[in-house]
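Here's the structure, in structure tokens; my notes come after.
In this note's numbering, the protein residues as written are 11 to 1185.
What follows is the structure, given as structure tokens:
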């Protein structure tokens, strides 16, 4: 063989004799799929390669006469290019041979075992097989240095400021890992690195020489292709570790920096005829603007020394740097000769466009106020469809344009700029497209990567010119989340030392190998949208014909034959884009208070058992009478939707359930008894006993007056001790005077209000009997009307299903006759199709009665609330009563009815609360979060589990209650991380309430046993898990002891401490008190709601001087209302002086620079006027 200098020891082709008896000397090449294809040796491709001197081969004997080895040496494309001929043909040869090349040293030496499979370049070593989750969690942490800023002097200064803790305007000290993240983001923006073409991973030949080989196209290189990384990426620090602060620090560090004119574009210089010689100031200002010098940050530094630059700033505002962006379109002028635009003019702008989910808008404003000094940033807030975006000249004057995603999408019009428009033709053009933006930051950016990437938001971003692009999300996709988030589900996860490190490593190794199929494909598609469509990463974003790279070809986890394959480019891509620290590196810099996640097992109350047994009655009756066959059987595939609804409602019944009517139960018993009578001879003993037990439990419910009252009135019961005897029977929910007295929570609250309204009279209890009669009569009339409506609906459906009470969520509404309700949220739609809505779910406490110094009579003072008929509600209320004065509490619920019952109980106990639900407006939700986090008035927050989304910051809460076990681990992790995050200063206690011995206990146990693949399969419904499905089918009845209904809650205590019914506890934080207006003023309102609230006060107040609009200055612990004129004459950027507060704000980070508390300048644009918000 000739010299192999310059050739790579590419690998070995195994040869096998065609005739095993040695009768001939014909050979074949053994490939990785030899059973499917055979190729004789020498093959045409190999001969062509040797003829063109692309390849050289050397044959080695094998210990077996029927086998041999053929060494293959390959000449890379970038060596001896002048004499190699067609590269395209060479690639075809290597692409063909790729399935035959054995890369092992044994085959190279002729010592391979013919029985072992071939390891080709397509097949990874076992150590290289990695899941997307494992790659994400093992990316290298950022390690930038002060020298990484590139050649730009301004970027070098910014980098130095970051590492020296001297970012101008930032009053919060960054943790070391946060500084590294900010510096890494700045390096990517100012000095993007070159990365290896991910299509050509690095390999080593058999002699140890490194080379780069594209397996799919056959491209072989000795030196790598390099692509510039994008100016941006994905900030993916784990949930709750300060991504918002990192973004604010980056904006401040680069304040006033201008984007560069894109490559291939030329600056446009204004042609001006000067009537006079320009002054030196004008010439300097024009030069500064054209050169893109960050004058704003320079002036800010000098202003601290006492200099003022108003005249300089006015002169700089007269000039703008701009360039022409070509518009390419295939259309030619029409017959009239009208030409289309061939370019558009863009102006360089130093602003950052910050796109956030609507519910996080106020949170961003608060974070900016908390972490920045006064006047550090000029911020424009755009959050409502009624607000027109200012012209581009106004936009250019702001450092940050904070806009909700919904408002941003409204700017899109379907008139693609690339089509051009005829000159003189007027069409809508968003002012956002008139600028070359410095950067765009998409908070919770995974929302941009939905099932269809062509959303209005993505289309609008395509129209805009942006230099730097960032996606901010702790979970860019379903599998891309930190391993530490999964650890939040572990009970008593409080040891932050070696055991935590060991747990992290164990969890990583457990999920190193890909164990799911469907979810991987979805994750890769979401990642593709972010990488290709938003970040424009080369070569994946290249157009066809311009070094186009097919994402699916190289990165799909499965090939065309659905076989798993190795995608080495994936780690390269993620490492080049993602800024994220490994959790072990964060732990070195940050101590997060411990997290205690426990499960609280409660004994179910009598009525809890009764409700859950009725669901079992329905399932048992259906299974036995349908004989578990055909479509009548609830578990038949066609009944899947109804079964899902039934199981969800069964889970909700562990708190309380009023969905069954007497008619439902009676009809089910009739069907069961009829079947039992007609089939007594052929029914199995097991089914006979099961159906008999079901009938007994159904009859028990019908015989119980309390259950009948709950079912009729749709109420939850409360036990009252020492209720005034003369009025007890009038108020009793079931019409019977019992000890203790059983009332509905709504009726108990009405009785409470009746007495407290008359507290100043000689006898506040006078007329209590009549009030009770009237209240119960009104409640009975409402319930009767609802029952008629329900019966009419059933008759329209032919009334054929006795299981309707199990698959429909009941209609629960506020039955209070009080006219002082503040139930502002609209109707809440329950999750099931046939369920009716809650007519009123109070999102703030209803108007409380003012406290009087009058003393109640002894007969009323001794009346006590003992507890409720729900075991979970008793436990919740006891814990809230003992904790809410000293800690903030979040209660996660998954049913509107549960929220209503908790709210009614808290009202009865005089505990102020907020409900964060989907029926509230976006601004209202944001105001509730801000109020809960910053004010002392409301210390209990009820939050819909569906709303516990990414990005919500509720670190003020140290107690978290989950009323029912959550099936999806990822949802529970998200809920927990709302409180256990940076900014948390207390240990966080999470309690999940579970009724012992019930289905939900088995659900929780099964969830802990499931693998990740099983969780993915059953993500939408627990019925998709075969084991859980079997558990549900075999679930039995809860045992009810004889006489348990007569013993108060079977001897178990209700509330830890009985609470007086007729005493308003208005003093102290978190207690009820004040009227509706004062409670409304306790809220920290957003821009739009504050405007409406101010207008409402102007209308109500006869004193015009007191009816002006309000500017809200958000202090750390309270809302300070500062009057400001509501007039259109306020300039676009304005400042209102506010009293400086010397107090130091709460600071979750290592320290805060001791400076007086001031405000960030935030202006909200309103048509015809401007409302300046000091936030």
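In this text, a Cβ means the ideal position worked out from N, Cα and C, and glycines have one as well.
Bear in mind the structure is a predicted one, so any value in this text is a computation, not a measurement.
Paired residues, beta bridge with residue i - DSSP
i, result
"residue 418", "Residue 418 is not bridged to any residue."
"residue 531", "None, per the DSSP bridge assignment."
"residue 731", "874"
"residue 954", "903"
"residue 205", "237"
"residue 39", "25, 49"
"residue 447", "476"
"residue 972", "902, 1002"
"residue 752", "729"
"residue 588", "244"
Where residue i falls, given that 16 or more other Cβ within 10 Å makes a residue buried
i, result
"residue 1000", "buried"
"residue 905", "buried"
"residue 376", "buried"
"residue 642", "exposed"
"residue 122", "buried"
"residue 1153", "Residue placement at residue 1153 is poorly supported in this model, since its pLDDT is 36, which falls under 50; the coordinates still yield a value, given next. So residue 1153 counts as exposed."
"residue 691", "exposed"
"residue 174", "exposed"
"residue 49", "buried"
"residue 951", "buried"
"residue 515", "exposed"
"residue 933", "buried"
Residues near residue i by beta carbon distance below 7 Å, same chain, minus five either side
i, result
"residue 956", "928"
"residue 423", "438"
"residue 736", "779"
"residue 333", "271, 275, 276, 277, 278, 356"
Opening and closing residue of the alpha helix (DSSP H) in which residue i lies
i, result
"residue 63", "From DSSP, residue 63 is part of no alpha helix (DSSP H); its letter is neither H nor E."
"residue 214", "Run containing residue 214: none in the alpha helix (DSSP H); it sits in the beta strand (DSSP E), 212-214."
"residue 298", "290-301"
Nonlocal neighbours in the same chain, by C-beta distance under 6 Å from residue i, ignoring five residues either side
i, result
"residue 781", "764"
"residue 304", "164, 266, 267"
"residue 1050", "619"
"residue 481", "244, 452, 455, 540"
"residue 235", "207"
"residue 829", "Low confidence applies to residue 829: its pLDDT is 30, below 50, so where it sits in the model is not reliable enough to give any reading."
"residue 443", "473, 474"
Opening and closing residue of the beta strand (DSSP E) in which residue i lies
i, result
"residue 100", "Element bounds for residue 100: not the beta strand (DSSP E) but the alpha helix (DSSP H), 97-107."
"residue 1041", "No beta strand (DSSP E) holds residue 1041; the alpha helix (DSSP H) holding it covers 1036-1043."
"residue 892", "It is not in any beta strand (DSSP E) - residue 892 instead sits in the alpha helix (DSSP H) that spans 881-893."
"residue 932", "Residue 932 -> not in any beta strand (DSSP E); alpha helix (DSSP H) instead, spanning 932-944."
"residue 768", "Neither: residue 768 is in no beta strand (DSSP E) and is coded neither H nor E."
"residue 608", "605-612"
"residue 550", "Looking at the DSSP string, residue 550 is not in any beta strand (DSSP E), and its letter there is neither H nor E."
"residue 83", "77-84"
Cβ shell of residue i (< 8 Å), same chain only, five flanking positions each side left out
i, result
"residue 239", "198, 202, 203, 204, 205, 547, 586, 587"
"residue 361", "405, 406, 408, 409, 410, 411, 445, 447, 448"
Whether or not the segment 313-321 and the segment 351-362 are in contact is what I'm after, with contact meaning three or more pairs of Cβ atoms, one per stretch, closer than 8 Å; do they touch? They do not touch, by the three-pair rule.
Touch check for the segment 997-1011 and the segment 610-625: three-plus C-beta pairs under 8 Å? When C-beta atoms of the segment 997-1011 are compared with those of the segment 610-625, three or more pairs fall below 8 Å, so the two segments count as touching.
Count Cβ pairs between the segment 94-105 and the segment 180-195 that sit closer than 8 Å; are there 3 or more? Fewer than three beta-carbon pairs drawn from the segment 94-105 and the segment 180-195 are found closer than 8 Å, and the two stretches are therefore not classed as touching.
Mind the definition here: the segment 988-999 touches the segment 960-976 only if three or more C-beta pairs lie below 8 Å; say whether that holds. Yes, they touch.
Taking 8 Å as the cut-off, does the segment 357-370 touch the segment 411-419 (at least 3 CB pairs, one atom from each stretch)? Touching, yes, given that three or more Cβ pairs across the two stretches are closer than 8 Å.
Under 8 Å: do the segment 766-775 and the segment 863-879 share three or more Cβ pairs, one atom per stretch? Taking a cut-off of 8 Å for Cβ pairs, the segment 766-775 and the segment 863-879 touch, as three or more such pairs fall below it.
With a cut-off of 8 Å, do at least 3 Cβ pairs link the segment 696-709 to the segment 625-641? Touching, yes.
Any contact between the segment 482-491 and the segment 393-412? By contact I mean 3 or more CB pairs, one from each, below 8 Å. No contact exists between the segment 482-491 and the segment 393-412.
Can we say the segment 14-22 touches the segment 67-87, given the rule of at least three CB pairs closer than 8 Å? Verdict: yes, contact present.
Specify whether the segment 222-232 and the segment 590-602 touch according to this definition: at least 3 beta carbon pairs, one from each stretch, less than 8 Å apart. The answer is no - the segment 590-602 does not touch the segment 222-232, with fewer than three Cβ pairs under 8 Å.
Is there contact between the segment 108-122 and the segment 545-564, where contact requires at least three CB pairs shorter than 8 Å? As far as the Cβ criterion goes, the segment 108-122 does not touch the segment 545-564, which means the pair count is below three.
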